Amino acid sequence: MAAGPPPTAAEAYRPNRYVSLPAELDPNTYDASPEKRRTEAERLAIRARLKRQYQLQLNNPNPPAIIEDPALVRWAYARTQNVYPTFRPTPKTSFLGALFAIGPILFWAAVFKVDRDRKEKLIQEGKYKRPFSVF
Amino acid sequence: MAAAGLRGVLWQRAAARLWAARAAAAVPAGAPPGARAASEMSKDLMPGPYPRTPEERAAAAKKYNMRVEDYEPYADDGFGYGDYPKLPDKSLHERDPWYQWDQPDLRHNWGEPMHWDFDMYIRNRVDTSPTPVPWHTMRKHFLVFLSTMLIMFGLGEIYPSYRPVGPKQYPFNDLYLERGGDPNKEPPVVTHYEI
């Protein structure tokens, strides 16, 4: 069977972890079904409620000193204070912890030891050329 | 000795009283001291552990201002994510620049759940917007160019190629006088050519 025409640019595009698919090429954005419209309406309702809360605080004649964003507070809390309580030692976390915490120490200790031993052997044999130093 | 001991006890008692006063004043009842004293949010509005039951999932979705169907926590691998929602990995470059965001520079609305890597996806940093050329094509072209250049440089190091050279020729009979030759003696004749 002969190969067909080469794929168009739209067909050749593949999203991955680093780039996403544009909405124009995504079939999920075409021809919204009633279920999709319903979900969009629900999301819009949540968004509108949050907007209303924010605008009420913003246009308050006696506005508070800071309108704190609970999403921001939750984000900061989740990344700082919620990590230790939710951490659990599993095989994967233990392995990664050992790899990134103990691994570099052992690696660099080995590198320096091997390098120093090689240099010491050369000095003992008298073959080491001292590097030139201005000072 | 007794006076110093008594002074030590009084200091500790005063410190304990200060701690209790600070904890009672700054934080609502039931929370551990020192926990985010600047915010008035209660513990059930803060992120918590991974949700196990459907009721916990629904409560977590409501807490994060999301639909229950949209809410998806990170996998319970013990990595410390808790019940924080897993949002799509899209950078802020992709958000609509013309919509009236509450925070236009961050393209973020008040109360909208923020991505775990929000600070990575801001408009000064990582950009995941679609590229004009597919990413795999760009990667292929780059790797082809890089590998060609590296292979050619490597070959040039292994098999260097120069124009042929001969030994350097000096004038004035091989610099006879400059090299300390006796000016009274006749210098040896040096010819560098053959006819």
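Line order of the protein sequences matches chains A and B.
Note that the numbering used here numbers the first sequence so that position 60 is 60, with each residue one more than the last.
Every number in the numbering used here is 135 more than the matching position in the second sequence, counting from 1.
All residues carry an ideal CB built from backbone N, CA and C; glycine is no exception.
Bear in mind that the values here come from a model prediction, so they are computed numbers and not experimental data.
Find the residues of chain B that neighbour leucine 21 of chain A, judging by a C-beta separation of less than 8 Å, and give them in chain order.
Position 21 of the first sequence holds residue 21 of chain A. Going along chain B in sequence order, the residues near leucine 21 of chain A (Cβ under 8 Å) are Pro265.
Work out the CA separation of glutamate 329 of chain B and leucine 310 of chain B for me, nearest whole Å.
Sequence index remark: in the second sequence, residue 310 of chain B carries index 175 (1-based). Sequence index remark: in the second sequence, residue 329 of chain B carries index 194 (1-based). Going from the Cα of leucine 310 of chain B to the Cα of glutamate 329 of chain B covers about 20 Å.
Using a C-beta cutoff of 7 Å, does asparagine 308 of chain B count as contacting chain A?
Position 173 of the second sequence, counted from the start, is the residue given in the question as residue 308 of chain B. No - not a single Cβ of chain A is within 7 Å of the one on asparagine 308 of chain B.
Can you tell me whether DSSP reads glutamine 84 of chain B as helix, strand or coil?
No answer is possible for residue 84 of chain B: it lies beyond the span of chain B, which begins at 136 and ends at 330.
Give the residues from the stretch 229-245 of chain B that approach chain A closer than 9 Å (Cβ to any Cβ), ordered along the chain.
Flagged, chain order: Glu229, Asp237, Gln238, His243, Asn244 and Trp245.
For glycine 246 of chain B, does the count of other Cβ atoms within 10 angstroms reach 16, so buried, or fall short, so exposed?
Position 111 of the second sequence, counted from the start, is the residue given in the question as residue 246 of chain B. Looking at its Cβ environment, which holds 16 or more other Cβ atoms inside 10 Å, glycine 246 of chain B is buried.
Determine the contact status of proline 186 of chain B and aspartate 218 of chain B, defining contact as a CB-CB distance below 7 Å.
Reading the second sequence from its first residue, position 51 is the one you call residue 186 of chain B. Reading the second sequence from its first residue, position 83 is the one you call residue 218 of chain B. Judged by beta-carbon spacing, aspartate 218 of chain B lies within the 7 Å limit of proline 186 of chain B, meaning their Cβ atoms are closer than that value.
Can you grab the Cα-Cα spacing for the pair serine 282 of chain B / glycine 289 of chain B, in whole Å?
Position 147 of the second sequence, counting from 1, holds the residue named residue 282 of chain B. Position 154 of the second sequence, counting from 1, holds the residue named residue 289 of chain B. Going by C-alpha positions, serine 282 of chain B is about 10 Å away from glycine 289 of chain B.
Here's a check: name, in chain order, each residue in its chain whose Cβ is nearer than 6 Å to the Cβ of arginine 230 of chain B, leaving out the five neighbours to either side.
Counting from one through the second sequence, the residue named residue 230 of chain B turns up at place 95. Counting only residues of its own chain and dropping the five nearest sequence neighbours on each side, arginine 230 of chain B has a CB closer than 6 Å to the CB of Arg242.
Give a yes or no on whether the minimum CB-CB distance between glycine 169 of chain B and chain A is below 7 Å.
The residue labelled residue 169 of chain B in the question sits at position 34 within the second sequence. Residue confidence for glycine 169 of chain B is low, a pLDDT of 44 falling below 50, so the modelled location carries little weight; the figure read from the coordinates is stated next. Cβ-Cβ to chain A under 7 Å: no for glycine 169 of chain B.
Can you have a look at arginine 74 of chain A and say buried or exposed, based on whether 16 or more other CB atoms are within 10 angstroms of its CB?
Counted from its first residue, the first sequence places residue 74 of chain A at position 74. Burial of arginine 74 of chain A is indicated by the presence of at least 16 other C-beta atoms within 10 angstroms of its C-beta.
For proline 220 of chain B, which residues from the same chain have a beta carbon less than 7 Å from its beta carbon, with the 5 sequence-adjacent residues on both sides left out?
For the purposes of this step, residue 220 of chain B is taken as residue 85 along the second sequence, with counting starting at 1. Answer for proline 220 of chain B: Tyr199, Met201, Tyr206, Glu207, Pro208 and Pro248, listed in chain order.
Since asparagine 244 of chain B contacts arginine 79 of chain A with CB under 8 Å, what's their CB separation in whole angstroms?
The residue labelled residue 244 of chain B in the question sits at position 109 within the second sequence. The residue labelled residue 79 of chain A in the question sits at position 79 within the first sequence. That pair is no contact at about 20 Å.
Proximity of proline 265 of chain B and valine 19 of chain A at Cβ, strictly below 7 Å
Residue 265 of chain B sits at position 130 when you count from the first residue of the second sequence. Residue 19 of chain A sits at position 19 when you count from the first residue of the first sequence. A Cβ-Cβ contact shorter than 7 Å links proline 265 of chain B with valine 19 of chain A.
Considering only DSSP beta bridges, list what proline 184 of chain B is partnered with.
As a working mapping, residue 184 of chain B is identified with position 49 in the second sequence. Within the DSSP bridge table, the entry for proline 184 of chain B names no partner.
Length of the line joining the Cα atoms of proline 27 of chain A and isoleucine 102 of chain A
For the purposes of this step, residue 27 of chain A is taken as the residue at position 27 of the first sequence. For the purposes of this step, residue 102 of chain A is taken as the residue at position 102 of the first sequence. Using only the alpha carbons, I get a separation of about 48 Å.
Whose Cβ in chain B lies nearer than 7 Å to the Cβ of proline 34 of chain A?
Translated into the one-based positions of the first sequence, residue 34 of chain A becomes position 34. Chain B residues near proline 34 of chain A: none, gap ~15 Å exceeds 7 Å.
With histidine 228 of chain B and aspartate 262 of chain B assumed to form a contact (beta carbons below 8 Å), what rounded beta-carbon distance in angstroms separates them?
Looking up residue 228 of chain B in the second sequence gives position 93. Looking up residue 262 of chain B in the second sequence gives position 127. Yes, histidine 228 of chain B and aspartate 262 of chain B are in contact; Cβ-Cβ is about 5 Å, under 8 Å.
Determine, using beta carbons only, whether arginine 52 of chain A comes closer than 7 Å to chain B.
Residue 52 of chain A sits at position 52 when you count from the first residue of the first sequence. False, the Cβ-Cβ gap to chain B never drops below 7 Å.
DSSP state of proline 208 of chain B mapped onto helix, strand, coil:
Position 73 of the second sequence, counting from 1, holds the residue named residue 208 of chain B. Correct three-state label for proline 208 of chain B: strand.
If you draw a straight line from the C-alpha of isoleucine 105 of chain A to the C-alpha of glycine 97 of chain A, how long is it?
Sequence index remark: in the first sequence, residue 105 of chain A carries index 105 (1-based). Sequence index remark: in the first sequence, residue 97 of chain A carries index 97 (1-based). For isoleucine 105 of chain A and glycine 97 of chain A, the distance between alpha carbons rounds to 13 Å.
Exposed or buried, serine 226 of chain B, counting other C-beta atoms within 10 Å across all chains shown (16 or more means buried)?
Position 91 of the second sequence, counting from 1, holds the residue named residue 226 of chain B. Buried, by the Cβ-count rule.
Exposed or buried, which one is tyrosine 13 of chain A when buried takes at least 16 other CB atoms within 10 Å?
Position 13 of the first sequence, counted from the first residue, corresponds to residue 13 of chain A. Tyrosine 13 of chain A is buried by the Cβ-count criterion.
What ranges does the beta strand (DSSP E) occupy inside the stretch 2-45 of chain A, keeping only unbroken runs of at least 3 residues that lie completely in it?
List check, beta strand (DSSP E) in window: nothing returned.
Below 8 Å on the Cβ atoms is my guess for proline 184 of chain B versus tyrosine 77 of chain A; work out the distance and round it to an integer in Å.
Within the second sequence, the letter at position 49 stands for residue 184 of chain B. Within the first sequence, the letter at position 77 stands for residue 77 of chain A. The pair is not a contact, with the Cβ atoms about 13 Å apart (cut-off 8 Å).
Of the residues that make up the stretch 86-107 of chain A, which ones have a beta carbon closer than 8 Å to any beta carbon in chain B?
For the stretch 86-107 of chain A, which is checked against every Cβ of chain B, the residues closer than 8 Å are Thr86, Phe87, Arg88, Pro89, Thr90, Lys92 and Thr93.
Neighbour flag for asparagine 259 of chain B against chain A, beta carbons, 7 Å
Position 124 of the second sequence, counted from the first residue, corresponds to residue 259 of chain B. Any Cβ of chain A closer than 7 Å to the Cβ of asparagine 259 of chain B would place that residue at the interface, and such an atom is absent.
Could you tell me whether the Cβ of glutamate 313 of chain B comes closer than 7 Å to any Cβ of chain A?
In the second sequence, residue 313 of chain B corresponds to position 178, counting from 1. Contact with chain A is absent for glutamate 313 of chain B, since none of that chain's Cβ atoms lies less than 7 Å from the residue's Cβ.
At least one CB of chain A closer than 7 Å to the CB of methionine 273 of chain B: is that the case?
Translated into the one-based positions of the second sequence, residue 273 of chain B becomes position 138. Contact with chain A is absent for methionine 273 of chain B, since none of that chain's Cβ atoms lies less than 7 Å from the residue's Cβ.
Straight-line CA distance for isoleucine 66 of chain A to lysine 36 of chain A?
Taking the first residue of the first sequence as position 1, residue 66 of chain A is located at position 66. Taking the first residue of the first sequence as position 1, residue 36 of chain A is located at position 36. Taking the straight line joining both Cα atoms gives about 37 Å.
Would you identify the three-state DSSP class for histidine 327 of chain B, choosing helix, strand or coil?
Sequence index remark: in the second sequence, residue 327 of chain B carries index 192 (1-based). Three-state result, histidine 327 of chain B: coil.
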